[in-house]
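Everything below concerns the one structure shown next.
In the numbering used here, the protein residues as written are -12 to 142.
Below is the structure:
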């Protein structure tokens, strides 16, 4: 990898911007799910992938994981761990969306609200972009940082 590209990947400001984008996105995505767990449970049920006994726990736990991981990225508290969790969620979302696209199943994403989010293929593309952002945070920036400052730097 040439020096310019390596410097771009290791740029603290790039990481902070990516953490903020992903963090705010996941905090925002968790909001409606936390406020309307019943509606979100219907969305999860609509994927036709999970046993009924898991629908309610998923509808309750998933938004909390999104919220905590998003806040962790935003505040710079264990950002690599938060990025790893978010990347796991994104891989699951991509898998779930892709399975339903292949099956030709009409579904509501449930990503940000109960409103239709658009084309399922566009949702997969969006999640892949988020995944690349999360991978950049996880793989290329191993130093723990706060919102704007490096916590490990001696002044």
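Positions of the beta carbon are idealized from the N, C-alpha and C atoms, including for glycine.
Note that the coordinates shown come from a computational prediction; the quantities given were computed from them, not determined experimentally.
The alpha helix (DSSP H) with residue i in it runs from where to where?
| i | result |
| --- | --- |
| residue 2 | -1 to 22 |
| residue 50 | 39 to 62 |
| residue 75 | 66 to 90 |
With DSSP as the reference, label residue i as helix, strand or coil.
| i | result |
| --- | --- |
| residue 127 | helix |
| residue 95 | coil |
| residue 105 | coil |
| residue 122 | helix |
| residue 34 | coil |
Once you ignore the five residues that flank residue i on each side, which residues in its own chain have a CB closer than 8 Å to its CB?
| i | result |
| --- | --- |
| residue 141 | The predicted model places residue 141 with a pLDDT of 44, which falls under 50 and marks its position as unreliable, so this point remains unresolved. |
| residue 123 | -4, 1, 2 and 5 |
| residue 125 | 67, 70, 71 and 74 |
| residue 14 | 53, 54, 57, 58 and 61 |
Please classify residue i: is it buried, with 16 or more other beta-carbons within 10 angstroms of its beta-carbon, or exposed?
| i | result |
| --- | --- |
| residue 74 | buried |
| residue 10 | buried |
| residue 82 | exposed |
| residue 17 | buried |
| residue -1 | exposed |
| residue 39 | exposed |
| residue 97 | buried |
| residue 79 | exposed |
| residue 105 | exposed |
Residues in its own chain within less than 7 Å of residue i by CB, not counting five upstream and five downstream?
| i | result |
| --- | --- |
| residue 47 | 24 |
| residue 33 | 94 and 95 |
| residue 35 | 92 |
| residue 42 | 28, 31 and 32 |
| residue 77 | 114, 117, 118 and 121 |
With a CB to CB cut of under 6 Å and the five nearest residues on each side skipped, what residues in its chain are close to residue i?
| i | result |
| --- | --- |
| residue 136 | Model confidence at residue 136 stands at a pLDDT of 46, short of 50, so the residue's coordinates are unreliable and nothing is read from them. |
| residue 107 | 84 and 88 |
| residue 20 | 27 and 50 |
Would you call the stretch 53 to 61 and the stretch 29 to 38 in contact, with 3 or more CB pairs under 8 Å?
Contact fails: fewer than three Cβ-Cβ distances are below 8 Å.
Flag this pair as touching only if the stretch 81 to 95 and the stretch 104 to 111 have three or more C-beta atom pairs under 8 Å; answer yes or no.
yes
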